[in-house]
(Lines of atoms letter the chains of each structure in order from A and count residues from 1; the text may use other names and numbers.)
(Lines give C-alpha, C1' and ligand atoms only; values in the text may rest on other atoms or scores of the structure.)
Protein backbone atom coordinates (compact mmCIF):
# COMPACT_ATOMS: atom_id res chain seq x y z
CA UNK A 1 0.00 0.00 0.00
CA UNK A 2 2.86 2.37 0.80
CA UNK A 3 4.52 1.73 -2.58
CA UNK A 4 1.19 2.19 -4.34
CA UNK A 5 0.67 5.53 -2.59
CA UNK A 6 4.20 6.70 -3.37
CA UNK A 7 4.00 5.97 -7.08
CA UNK A 8 0.49 7.36 -7.44
CA UNK A 9 0.82 10.72 -9.15
CA UNK A 10 -2.18 12.39 -7.54
CA UNK A 11 -4.71 10.80 -5.21
CA UNK A 12 -7.92 12.61 -4.28
CA UNK A 13 -11.07 11.72 -2.39
CA UNK A 14 -14.54 10.89 -3.79
CA UNK A 15 -15.65 10.97 -6.63
CA UNK A 16 -12.45 9.17 -7.53
CA UNK A 17 -13.01 8.32 -11.19
CA UNK A 18 -13.41 11.92 -12.38
CA UNK A 19 -11.89 13.95 -9.58
CA UNK A 20 -8.38 12.48 -9.77
CA UNK A 21 -8.09 13.27 -13.47
CA UNK A 22 -9.58 16.74 -13.07
CA UNK A 23 -7.24 17.73 -10.23
CA UNK A 24 -4.23 16.36 -12.10
CA UNK A 25 -5.05 18.40 -15.22
CA UNK A 26 -6.12 21.66 -13.56
CA UNK A 27 -3.61 21.55 -10.66
CA UNK A 28 -4.34 21.87 -6.96
CA UNK A 29 -3.87 24.70 -4.49
CA UNK A 30 -3.03 25.53 -0.90
CA UNK A 31 -4.24 28.29 1.41
CA UNK A 32 -1.28 30.51 2.34
CA UNK A 33 -2.78 31.64 5.67
CA UNK A 34 -3.19 28.01 6.75
CA UNK A 35 0.56 27.38 6.81
CA UNK A 36 0.90 29.38 10.04
CA UNK A 37 -1.93 27.58 11.82
CA UNK A 38 -1.39 24.69 14.20
CA UNK A 39 -1.64 21.31 12.56
CA UNK A 40 -4.19 19.01 14.19
CA UNK A 41 -5.92 21.86 16.03
CA UNK A 42 -6.78 24.57 13.51
CA UNK A 43 -6.02 22.78 10.23
CA UNK A 44 -5.63 19.10 9.29
CA UNK A 45 -2.37 19.79 7.45
CA UNK A 46 -0.27 22.91 6.67
CA UNK A 47 -1.80 24.78 3.76
CA UNK A 48 -5.16 23.00 3.90
CA UNK A 49 -8.12 24.98 5.20
CA UNK A 50 -11.83 25.50 4.60
CA UNK A 51 -11.79 28.09 1.83
CA UNK A 52 -15.53 28.78 2.15
CA UNK A 53 -15.39 29.42 5.89
CA UNK A 54 -12.21 31.49 5.96
CA UNK A 55 -13.43 34.31 3.71
CA UNK A 56 -10.86 36.24 1.68
CA UNK A 57 -7.82 34.00 1.29
CA UNK A 58 -4.54 34.00 -0.54
CA UNK A 59 -4.48 30.92 -2.73
CA UNK A 60 -1.25 29.39 -4.04
CA UNK A 61 -1.65 26.99 -6.95
CA UNK A 62 0.70 24.02 -7.37
CA UNK A 63 1.04 24.44 -11.13
CA UNK A 64 4.51 22.92 -11.43
CA UNK A 65 3.60 19.42 -10.21
CA UNK A 66 2.81 17.93 -13.62
CA UNK A 67 5.91 19.37 -15.27
CA UNK A 68 8.78 18.50 -12.90
CA UNK A 69 10.09 15.54 -14.92
CA UNK A 70 9.99 17.46 -18.22
CA UNK A 71 11.68 20.47 -16.64
CA UNK A 72 14.52 18.39 -15.20
CA UNK A 73 15.07 16.78 -18.60
CA UNK A 74 15.14 20.21 -20.26
CA UNK A 75 17.63 21.45 -17.65
CA UNK A 76 19.89 18.47 -18.31
CA UNK A 77 19.92 19.32 -22.03
CA UNK A 78 20.82 22.94 -21.27
CA UNK A 79 23.71 21.87 -19.04
CA UNK A 80 25.05 19.53 -21.70
CA UNK A 81 24.85 22.12 -24.49
CA UNK A 82 28.18 23.95 -23.75
CA UNK A 83 30.04 20.63 -23.60
CA UNK A 84 28.42 19.42 -26.82
CA UNK A 85 29.28 22.71 -28.51
CA UNK A 86 32.94 22.50 -27.47
CA UNK A 87 33.23 18.86 -28.53
CA UNK A 88 31.74 19.78 -31.90
CA UNK A 89 34.21 22.64 -32.37
CA UNK A 90 37.22 20.78 -31.01
CA UNK A 91 36.57 17.58 -32.95
CA UNK A 92 39.17 15.50 -31.09
CA UNK A 93 42.05 17.85 -31.94
CA UNK A 94 43.34 18.03 -28.35
CA UNK A 95 43.44 14.26 -28.08
CA UNK A 96 45.30 14.05 -31.38
CA UNK A 97 47.88 16.61 -30.22
CA UNK A 98 48.49 14.69 -26.99
CA UNK A 99 49.53 11.63 -29.02
CA UNK A 100 48.82 9.37 -26.01
CA UNK A 101 51.42 11.14 -23.86
CA UNK A 102 49.14 10.72 -20.86
CA UNK A 103 49.34 6.93 -21.15
CA UNK A 104 52.04 5.39 -18.96
CA UNK A 105 52.76 2.39 -21.22
CA UNK A 106 54.87 4.43 -23.67
CA UNK A 107 58.63 3.96 -23.51
CA UNK A 108 60.92 6.87 -22.65
CA UNK A 109 62.30 7.05 -26.19
CA UNK A 110 58.81 7.11 -27.68
CA UNK A 111 57.68 9.80 -25.24
CA UNK A 112 60.67 12.00 -26.07
CA UNK A 113 59.96 11.67 -29.79
CA UNK A 114 56.30 12.55 -29.30
CA UNK A 115 57.18 15.50 -27.07
CA UNK A 116 59.58 16.84 -29.71
CA UNK A 117 56.93 16.51 -32.43
CA UNK A 118 54.39 18.28 -30.23
CA UNK A 119 56.78 21.12 -29.36
CA UNK A 120 57.76 21.56 -33.02
CA UNK A 121 54.12 21.69 -34.05
CA UNK A 122 53.20 24.22 -31.36
CA UNK A 123 56.20 26.40 -32.20
CA UNK A 124 55.52 26.34 -35.95
CA UNK A 125 51.83 27.15 -35.40
CA UNK A 126 52.31 29.76 -32.69
CA UNK A 127 49.37 32.23 -32.60
CA UNK A 128 47.44 30.19 -35.16
CA UNK A 129 45.29 28.43 -32.58
CA UNK A 130 43.93 31.45 -30.73
CA UNK A 131 40.49 30.79 -32.16
CA UNK A 132 40.34 27.48 -30.30
CA UNK A 133 41.00 29.29 -27.03
CA UNK A 134 38.31 31.85 -27.81
CA UNK A 135 35.82 29.09 -28.52
CA UNK A 136 36.69 27.43 -25.23
CA UNK A 137 36.17 30.75 -23.40
CA UNK A 138 32.81 31.12 -25.13
CA UNK A 139 31.76 27.69 -23.85
CA UNK A 140 32.81 28.65 -20.31
CA UNK A 141 30.82 31.87 -20.58
CA UNK A 142 27.82 29.91 -21.84
CA UNK A 143 28.13 27.64 -18.80
CA UNK A 144 27.90 30.67 -16.50
CA UNK A 145 24.96 32.12 -18.43
CA UNK A 146 23.28 28.71 -18.33
CA UNK A 147 23.48 28.21 -14.56
CA UNK A 148 22.36 31.78 -13.79
CA UNK A 149 19.58 31.54 -16.35
CA UNK A 150 18.38 28.29 -14.84
CA UNK A 151 18.22 29.94 -11.42
CA UNK A 152 15.82 32.52 -12.84
CA UNK A 153 13.96 29.81 -14.77
CA UNK A 154 13.40 27.82 -11.59
CA UNK A 155 12.39 30.97 -9.75
CA UNK A 156 9.72 31.58 -12.37
CA UNK A 157 8.75 27.90 -12.30
CA UNK A 158 8.06 28.07 -8.55
CA UNK A 159 6.36 31.49 -8.58
CA UNK A 160 9.32 33.45 -7.23
CA UNK A 161 10.17 31.11 -4.35
CA UNK A 162 13.33 29.39 -5.65
CA UNK A 163 15.91 32.20 -5.42
CA UNK A 164 15.91 32.18 -1.61
CA UNK A 165 14.85 28.54 -1.19
CA UNK A 166 18.10 27.30 0.35
CA UNK A 167 18.43 30.32 2.62
CA UNK A 168 14.84 29.86 3.77
CA UNK A 169 15.52 26.21 4.62
CA UNK A 170 18.60 27.18 6.67
CA UNK A 171 16.63 29.92 8.45
CA UNK A 172 13.84 27.43 9.15
CA UNK A 173 16.27 25.05 10.84
CA UNK A 174 17.50 27.83 13.14
CA UNK A 175 14.09 29.39 13.90
CA UNK A 176 11.89 28.72 16.92
CA UNK A 177 9.74 25.65 16.39
CA UNK A 178 6.55 27.44 17.43
CA UNK A 179 6.90 30.35 15.01
CA UNK A 180 8.49 28.81 11.94
CA UNK A 181 6.96 27.74 8.63
CA UNK A 182 8.69 24.96 6.74
CA UNK A 183 9.62 26.38 3.30
CA UNK A 184 9.81 22.88 1.82
CA UNK A 185 6.23 22.19 2.87
CA UNK A 186 5.21 25.62 1.56
CA UNK A 187 6.70 25.09 -1.92
CA UNK A 188 6.24 21.31 -2.06
CA UNK A 189 3.07 20.57 -0.08
CA UNK A 190 2.20 16.95 0.59
CA UNK A 191 -1.49 17.68 0.89
CA UNK A 192 -3.43 20.21 -1.19
CA UNK A 193 -6.98 21.10 -2.12
CA UNK A 194 -8.90 20.88 -5.36
CA UNK A 195 -12.26 22.48 -6.10
CA UNK A 196 -14.51 20.54 -8.45
CA UNK A 197 -17.88 21.73 -9.75
CA UNK A 198 -20.62 19.47 -11.08
CA UNK A 199 -24.36 19.40 -11.56
CA UNK A 200 -26.34 18.08 -8.61
CA UNK A 201 -29.60 16.15 -8.53
CA UNK A 202 -31.65 19.35 -8.72
CA UNK A 203 -29.69 20.62 -11.73
CA UNK A 204 -27.83 23.27 -9.76
CA UNK A 205 -24.05 23.57 -9.71
CA UNK A 206 -22.53 21.87 -6.68
CA UNK A 207 -19.06 22.56 -5.31
CA UNK A 208 -16.80 19.79 -4.05
CA UNK A 209 -13.69 20.67 -2.03
CA UNK A 210 -11.39 17.67 -2.36
CA UNK A 211 -8.21 16.98 -0.42
CA UNK A 212 -5.40 15.62 -2.58
CA UNK A 213 -2.16 13.88 -1.64
CA UNK A 214 0.95 14.70 -3.70
CA UNK A 215 3.43 11.94 -2.79
CA UNK A 216 6.04 12.93 -5.40
CA UNK A 217 6.64 16.21 -3.59
CA UNK A 218 8.53 14.24 -0.94
CA UNK A 219 11.12 13.53 -3.66
CA UNK A 220 10.80 16.89 -5.42
CA UNK A 221 11.76 18.90 -2.35
CA UNK A 222 14.98 16.93 -1.93
CA UNK A 223 15.86 17.23 -5.62
CA UNK A 224 15.44 20.99 -5.68
CA UNK A 225 17.14 21.74 -2.38
CA UNK A 226 20.15 19.86 -3.78
CA UNK A 227 19.88 21.76 -7.07
CA UNK A 228 19.73 25.10 -5.25
CA UNK A 229 23.03 24.51 -3.44
CA UNK A 230 24.55 22.93 -6.54
CA UNK A 231 23.60 25.95 -8.66
CA UNK A 232 25.13 28.31 -6.10
CA UNK A 233 28.38 26.32 -6.04
CA UNK A 234 28.52 26.17 -9.85
CA UNK A 235 27.85 29.90 -10.12
CA UNK A 236 30.69 30.75 -7.73
CA UNK A 237 33.21 28.37 -9.32
CA UNK A 238 32.32 29.33 -12.90
CA UNK A 239 32.48 33.04 -12.05
CA UNK A 240 35.95 32.60 -10.54
CA UNK A 241 37.00 30.71 -13.67
CA UNK A 242 35.74 33.51 -15.92
CA UNK A 243 37.64 36.12 -13.88
CA UNK A 244 40.76 33.95 -14.10
CA UNK A 245 40.40 33.77 -17.90
CA UNK A 246 39.95 37.53 -18.14
CA UNK A 247 43.09 38.14 -16.08
CA UNK A 248 45.30 35.83 -18.13
CA UNK A 249 43.93 37.23 -21.42
CA UNK A 250 44.41 40.92 -20.67
CA UNK A 251 47.49 40.70 -18.42
CA UNK A 252 50.63 39.32 -20.12
CA UNK A 253 52.61 39.76 -16.91
CA UNK A 254 50.16 37.60 -15.03
CA UNK A 255 50.42 34.92 -17.71
CA UNK A 256 54.20 34.86 -17.37
CA UNK A 257 53.94 34.80 -13.58
CA UNK A 258 51.49 31.88 -13.61
CA UNK A 259 53.64 29.95 -16.09
CA UNK A 260 56.65 30.41 -13.83
CA UNK A 261 54.69 29.20 -10.84
CA UNK A 262 53.56 26.16 -12.76
CA UNK A 263 57.10 25.48 -13.94
CA UNK A 264 58.43 25.70 -10.37
CA UNK A 265 55.70 23.37 -9.21
CA UNK A 266 56.64 20.85 -11.90
CA UNK A 267 60.31 21.07 -10.90
CA UNK A 268 59.40 20.52 -7.24
CA UNK A 269 57.11 17.64 -8.15
CA UNK A 270 59.87 16.11 -10.26
CA UNK A 271 62.32 16.33 -7.38
CA UNK A 272 59.87 14.75 -4.97
CA UNK A 273 59.21 11.93 -7.43
CA UNK A 274 62.81 11.54 -8.61
CA UNK A 275 62.35 7.79 -8.70
CA UNK A 276 59.80 8.30 -11.50
CA UNK A 277 61.65 10.39 -14.10
CA UNK A 278 58.90 9.80 -16.65
CA UNK A 279 56.56 12.11 -14.73
CA UNK A 280 54.77 14.54 -17.01
CA UNK A 281 53.39 17.84 -15.71
CA UNK A 282 50.05 18.64 -17.27
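Residue numbers (our numbering): 460 to 741. All C-beta atoms, glycine included, are put in the ideal place defined by N, C-alpha and C.
Original post:
Helix, strand or coil for residue 500 per DSSP?
Top reply: Coil at residue 500, not helix or strand.
Original post:
Cα separation between residue 736 and residue 679?
Top reply: Reliability fails at residue 736, whose pLDDT of 47 lies under 50, so the model's placement of it is uncertain and no value is given.
Subject >> Cutoff 6 Å; reference residue 502; Cβ partners in own chain excluding five residues on either side >> reply: These residues qualify, in order along the chain: 493, 496 and 508.
Subject >> Three-state secondary structure assigned by DSSP to residue 487 >> reply: If DSSP states are grouped into helix, strand and coil, residue 487 belongs with the strands.
Original post:
Cβ of residue 625 within 7 Å of Cβ of residue 702?
Top reply: Contact flag unset, no.
Subject >> Element boundaries [beta strand (DSSP E), containing residue 654] >> reply: Its beta strand (DSSP E) spans residues 650-658.
**OP:** Measure the C-alpha to C-alpha separation of residue 481 and residue 666 and round it to an integer number of angstroms.
**Re:** One C-alpha to the other measures close to 14 Å.
**OP:** Compute the distance between the beta-carbons of residue 640 and residue 672, then report whether it is under 7 Å.
**Re:** Taking a C-beta distance under 7 Å as the contact criterion, residue 640 and residue 672 do not qualify as a contact pair.
Original post:
The beta strand (DSSP E) with residue 665 in it runs from where to where?
Top reply: If you look at residue 665, you'll find it in the beta strand (DSSP E) that goes 664-672.
**OP:** In the DSSP assignment, find the unbroken beta strand (DSSP E) run with residue 517 in it and report its ends.
**Re:** It is not in any beta strand (DSSP E) - residue 517 carries neither H nor E in the DSSP assignment.
**OP:** In the DSSP assignment, find the alpha helix (DSSP H) that holds residue 609 and state where it starts and stops.
**Re:** Residue 609 -> alpha helix (DSSP H) spans 589-616.
**OP:** Could you pull the start and end residues of the alpha helix (DSSP H) that residue 534 belongs to?
**Re:** Unbroken alpha helix (DSSP H) run through residue 534: 527-549.
**OP:** Could you say which of 596, 483 and 695 lies nearest to residue 707 if we only look at CA atoms?
**Re:** Here the closest residue by C-alpha is 596.
Original post:
Going by beta carbon distance, what residues of the same chain come within less than 8 Å of residue 660, once the five residues before and after it are set aside?
Top reply: Counting only Cβ-Cβ distances below 8 Å, and skipping sequence neighbours, we find nothing.
Original post:
Distance, Cα to Cα, residue 721 vs residue 715?
Top reply: As the crow flies, the alpha-carbon of residue 721 is around 10 Å from that of residue 715.
**OP:** Whole angstroms is fine: what's the gap from residue 500's alpha carbon to residue 691's?
**Re:** If I take the Cα positions, the gap works out to 39 Å.
**OP:** In angstroms with no decimal places, state the Cα-to-Cα distance between residue 600 and residue 623.
**Re:** Distance between the alpha carbons of residue 600 and residue 623 is about 24 Å.
**OP:** Name the residue from 718, 724, 653 and 533 whose alpha carbon lies nearest to the alpha carbon of residue 478.
**Re:** Between residue 478 and the set 718, 724, 653 and 533, the nearest pair of CA atoms involves 653.
Subject >> Residue from 544, 537, 487 and 542 whose Cα sits closest to the Cα of residue 518 >> reply: From the listed residues 544, 537, 487 and 542, the smallest Cα separation to residue 518 is found for 487.
Subject >> Coarse secondary structure for residue 623, derived from DSSP in three states >> reply: For residue 623, the secondary structure class from DSSP, reduced to helix, strand or coil, is coil.
**OP:** Flag this pair as yes or no: are the beta carbons of residue 489 and residue 648 separated by less than 7 Å?
**Re:** It is a contact, given that the beta carbons lie within the stated cut-off.
Original post:
Taking all protein chains shown into account, do 16 or more other C-beta atoms lie within 10 angstroms of the C-beta of residue 593, making it buried, or fewer, making it exposed?
Top reply: By the neighbour-count rule (16 or more Cβ atoms within 10 Å), residue 593 is not buried but exposed.
Subject >> Residue closest to residue 700, alpha-carbon to alpha-carbon, out of 603, 549 and 675 >> reply: Among 603, 549 and 675, the Cα nearest to that of residue 700 is on 603.
**OP:** Taking residue 709 as part of the alpha helix (DSSP H), name the residues at either end of that continuous run.
**Re:** Judged by DSSP secondary structure, residue 709 falls within the alpha helix (DSSP H) whose first and last residues are 676-709.
Subject >> Per-residue burial, residue 465 [other beta carbons within 10 Å of its own, 16 or more giving buried] >> reply: Low confidence applies to residue 465: its pLDDT is 45, below 50, so where it sits in the model is not reliable, and the reading given next is rough at best. Its Cβ having fewer than 16 others within 10 Å, residue 465 is exposed.
**OP:** Leaving out five residues on either side along the sequence, give the residues of the same chain with a beta carbon under 6 Å from the beta carbon of residue 521.
**Re:** Excluding sequence neighbours, residue 521 sits near 486, 487 and 651.
Original post:
Can the beta-carbon of residue 644 be found less than 7 Å from the beta-carbon of residue 505?
Top reply: Their beta carbons are under 7 Å apart, which means residue 644 touches residue 505 by this criterion.
Original post:
What residue range is occupied by the uninterrupted alpha helix (DSSP H) comprising residue 645?
Top reply: Under the DSSP assignment, residue 645 falls in the alpha helix (DSSP H) whose first and last residues are 642-646.
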